[in-house]
Amino acid sequence: MSDMLPRPEPREPFKRALRSQLMAQASTALVRRETVWSRFQVGLLRPAVALAAIALLLVGGAGKAAADSLSGDPAFGLKTAAEQLQLAFAFDDTTRLVLLSEQADHRLAELSRAVTTRPSAARSATDEYAIAVVRFTAAVDALRGKPGASADKRTAAEDVVDAAHLKHEAVLDELRKRAPAEAQDGLERAKLEADKLHASDRPARTPEPAERSDPTRSPQPTRSAPPARTTEPARTIEPPRASEQPRSDPTRTAPRPSPTR
Amino acid sequence: MDRPPNSHSHEPVIPAERDEDAVLARRAGAGEAEAFGALYDRYVDQVYRYVYYRVRNEAEAEDVTSDVFMRALRAIPRYEPRQAFLAWLYRIARNAVIDRSRRQQARPQVSFEDALAHPMGDRTVDPNTELLAGSDATAVRAALRKLTALQQEIIVLRYVEGFDTKTISKITGKRDGTIRGIEFRALKELRALIPSRESLS
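In the order they appear, the protein sequences are chains A and B. Take 0 as the starting number for the first sequence in numbering that gives the first Met the number 0 and just add one per residue. Take 0 as the starting number for the second sequence in numbering that gives the first Met the number 0 and just add one per residue.
Below, the structure is given as structure tokens:
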């Protein structure tokens with residue numbers, strides 16, 4: 000045997016122990032890699048596809064037609080789809096709230112146009128407006144109940160919703176004065192929805208003349224600190240989608256430009 | 000010497016096993032822990048043996064073997080099935096040994112003599128080569144100690160594990176011809192260093 004090469008073997012206890020250790024690590028290490036990939040897909044690929052879709056929408060010249068569309072028009076779906084894509088890019092709660100506020104503004108402007116130029120579209124425009132308001136207030140409520148949300152974010156949210164409330168009330172009051180009789184019911188419903196925008200228990204701010212005279216301007220957050228609002232939306236026309244819950248990303252706060260405007 | 004002289008049951012991996020390896024590796028990379036466990040069961044002995052011949056002792060060999068499989072576990076989602084799994088695994092083992100020796104520069108990297116004295120080393124293989132078969136183990140040990148680390152590595156892979164030069168080429172990252180050249184020079188040195196059986200007797 001002296002002229003043979005030995006073939007050393009590992010000890011059995013060592014092999015068993017190492018195997019157990021590897022299996023314990025594998026259950027987390029291998030899954031973690033999948034999660035990293037999933038995060039990559041969700042975090043980067045999906046928004047990238049969304050960005051490409053927005054670019055196609057704008058480059059394709061459909062943006063203008065979509066922006067001018069009213070509820071019921073073929074291009075209206077395109078407009079709302081673009082808005083959803085914008086929301087998908089809003090990684091910051093405040094940005095998201097501002098976007099939802101802007102969408103409610105758009106629906107209000109469409110309602111105004113429908114009442115004055117196409118009363119037959121007023122009903123569906125009212126429905127769309129109500130949906131936008133519900134989503135907006137639901138996002139505010141979600142942010143308010145979110146553990147770890149900073150006081151600044153909460154304050155900004157309250158300011159956005161307060162400003163929207165004042166503006167929408169003013170616009171709807173003005174519309175009711177000049178709308179035809181057949182549109183009054185729809186406007187009454189819209190007014191009820193707008194009341195849900197009363198964001199806080201603090202005394203309502205007196206609207207500045209500029210705010211009253213410029214209903215298309217989006218509300219901007221200020222730094223005042225209102226108490227937290229406790230009222231929930233009284234009626235839900237369409238439940239807010241899970242994908243619309245505010246997402247937190249403190250690195251991004253600037254609102255994105257709307258391709259539909 | 001076209002065929003490895005090792006006639007032990009641990010033959011070089013045959014194509015069917017390579018396919019199985021690839022399937023297991025793909026499943027492991029997709030998160031199936033048991034598939035990785037199967038690969039471990041299949042190759043832990045070979046990896047350990049390779050590592051053992053390149054480090055000082057049993058404890059270190061176990062340490063490095065653990066490191067090798069931990070590295071493999073982390074890397075397996077990136078494993079490319081076109082590459083033979085065992086060659087891929089040996090490369091990880093080789094890198095682990097190199098990293099280990101860098102960390103322990105004060106210590107000799109390879110001690111073939113120690114390897115021959117392994118407590119479990121009584122499980123042996125008959126080398127078919129005239130050179131090794133006709134020599135005393137003590138003389139072989141003494142001669143092998145005088146080879147370079149790469150020469151020793153190639154001798155172990157070739158004559159203990161029974162790999163062909165193509166596989167050794169993949170493991171070491173050297174060209175096939177280079178491996179043959181190193182092996183040829185190593186054997187030539189051994190011939191000069193190791194007395195024949197007749198002279199020993």
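Cβ atoms here follow ideal geometry from the backbone N, Cα and C, with glycine treated the same way. Remember, predicted model here, so these are calculated numbers, not experimental data.
Please identify the residue among the options whose C-alpha is closest to the C-alpha of residue i.
{"i": "residue 112 of chain A", "options": "A:28, A:178, A:193 and A:129", "result": "A:178"}
{"i": "residue 135 of chain A", "options": "A:85, A:96 and A:127", "result": "A:96"}
{"i": "residue 127 of chain A", "options": "A:68, A:151 and A:161", "result": "A:68"}
{"i": "residue 132 of chain A", "options": "A:158, A:91, A:145 and A:101", "result": "A:101"}
{"i": "residue 144 of chain B", "options": "B:54, B:68, B:162 and B:171", "result": "B:54"}
{"i": "residue 117 of chain A", "options": "A:72, A:15 and A:82", "result": "A:72"}
{"i": "residue 11 of chain A", "options": "B:19, B:34 and B:61", "result": "B:61"}
{"i": "residue 162 of chain A", "options": "A:194, A:70 and A:82", "result": "A:194"}
{"i": "residue 70 of chain A", "options": "A:27, A:15 and A:129", "result": "A:129"}
Would you check if the distance between the CB atom of residue i and the CB atom of residue j is smaller than 7 angstroms?
{"i": "residue 165 of chain B", "j": "residue 175 of chain B", "result": "yes"}
{"i": "residue 78 of chain B", "j": "residue 9 of chain A", "result": "no"}
{"i": "residue 174 of chain A", "j": "residue 186 of chain A", "result": "yes"}
{"i": "residue 22 of chain A", "j": "residue 27 of chain B", "result": "no"}
{"i": "residue 193 of chain B", "j": "residue 142 of chain B", "result": "yes"}
{"i": "residue 71 of chain B", "j": "residue 88 of chain B", "result": "yes"}
{"i": "residue 110 of chain A", "j": "residue 124 of chain A", "result": "yes"}
{"i": "residue 167 of chain B", "j": "residue 178 of chain B", "result": "yes"}
{"i": "residue 114 of chain A", "j": "residue 121 of chain A", "result": "yes"}
{"i": "residue 171 of chain A", "j": "residue 182 of chain A", "result": "no"}
{"i": "residue 99 of chain B", "j": "residue 63 of chain B", "result": "yes"}
{"i": "residue 159 of chain A", "j": "residue 196 of chain A", "result": "no"}
{"i": "residue 92 of chain B", "j": "residue 155 of chain B", "result": "no"}
{"i": "residue 21 of chain B", "j": "residue 80 of chain B", "result": "yes"}
{"i": "residue 185 of chain B", "j": "residue 146 of chain B", "result": "yes"}
{"i": "residue 17 of chain A", "j": "residue 65 of chain B", "result": "yes"}
Measure the C-alpha to C-alpha separation of residue i and residue j and round it to an integer number of angstroms.
{"i": "residue 147 of chain A", "j": "residue 141 of chain A", "result": "12 angstroms"}
{"i": "residue 96 of chain B", "j": "residue 103 of chain B", "result": "10 angstroms"}
{"i": "residue 169 of chain B", "j": "residue 99 of chain A", "result": "59 angstroms"}
{"i": "residue 29 of chain A", "j": "residue 191 of chain B", "result": "51 angstroms"}
{"i": "residue 30 of chain B", "j": "residue 25 of chain A", "result": "8 angstroms"}
{"i": "residue 24 of chain B", "j": "residue 39 of chain B", "result": "11 angstroms"}
{"i": "residue 93 of chain A", "j": "residue 80 of chain A", "result": "21 angstroms"}
{"i": "residue 168 of chain A", "j": "residue 184 of chain A", "result": "16 angstroms"}
{"i": "residue 153 of chain A", "j": "residue 76 of chain A", "result": "32 angstroms"}
{"i": "residue 156 of chain A", "j": "residue 192 of chain A", "result": "18 angstroms"}
{"i": "residue 119 of chain A", "j": "residue 106 of chain A", "result": "16 angstroms"}
{"i": "residue 173 of chain B", "j": "residue 67 of chain B", "result": "20 angstroms"}
{"i": "residue 145 of chain A", "j": "residue 91 of chain A", "result": "13 angstroms"}
{"i": "residue 19 of chain A", "j": "residue 161 of chain B", "result": "29 angstroms"}
{"i": "residue 73 of chain B", "j": "residue 151 of chain B", "result": "29 angstroms"}
{"i": "residue 151 of chain A", "j": "residue 143 of chain A", "result": "11 angstroms"}
{"i": "residue 59 of chain B", "j": "residue 94 of chain B", "result": "15 angstroms"}
{"i": "residue 2 of chain A", "j": "residue 139 of chain B", "result": "Only weak support exists for where residue 2 of chain A lies, its pLDDT of 40 falling under 50; the value from the coordinates is given anyway. Using only the alpha carbons, I get a separation of about 8 angstroms."}
{"i": "residue 36 of chain B", "j": "residue 13 of chain A", "result": "15 angstroms"}
{"i": "residue 180 of chain A", "j": "residue 138 of chain A", "result": "34 angstroms"}
{"i": "residue 82 of chain A", "j": "residue 171 of chain B", "result": "57 angstroms"}
{"i": "residue 56 of chain B", "j": "residue 6 of chain A", "result": "14 angstroms"}
{"i": "residue 163 of chain B", "j": "residue 45 of chain B", "result": "15 angstroms"}
{"i": "residue 258 of chain A", "j": "residue 176 of chain A", "result": "Unreliable positioning characterises residue 258 of chain A in this predicted model, as indicated by a pLDDT of 41, which lies under 50. A coordinate reading is not provided."}
{"i": "residue 90 of chain B", "j": "residue 52 of chain B", "result": "15 angstroms"}
Counting only C-beta atoms, is residue i closer than 7 angstroms to chain A at any point?
{"i": "residue 72 of chain B", "result": "yes"}
{"i": "residue 188 of chain B", "result": "no"}
{"i": "residue 32 of chain B", "result": "yes"}
{"i": "residue 62 of chain B", "result": "no"}
{"i": "residue 89 of chain B", "result": "no"}
{"i": "residue 36 of chain B", "result": "yes"}
{"i": "residue 47 of chain B", "result": "yes"}
{"i": "residue 68 of chain B", "result": "yes"}
{"i": "residue 22 of chain B", "result": "no"}
{"i": "residue 168 of chain B", "result": "no"}
{"i": "residue 96 of chain B", "result": "no"}
{"i": "residue 54 of chain B", "result": "no"}
{"i": "residue 185 of chain B", "result": "no"}
{"i": "residue 43 of chain B", "result": "yes"}
Can a CB atom of chain B be found closer than 7 angstroms to the CB of residue i?
{"i": "residue 8 of chain A", "result": "yes"}
{"i": "residue 26 of chain A", "result": "yes"}
{"i": "residue 18 of chain A", "result": "yes"}
{"i": "residue 195 of chain A", "result": "no"}
{"i": "residue 261 of chain A", "result": "Absent from the model: residue 261 of chain A. The displayed extent of chain A is 0 to 260, so no value can be given."}
{"i": "residue 86 of chain A", "result": "no"}
{"i": "residue 165 of chain A", "result": "no"}
{"i": "residue 107 of chain A", "result": "no"}
{"i": "residue 71 of chain A", "result": "no"}
{"i": "residue 21 of chain A", "result": "yes"}
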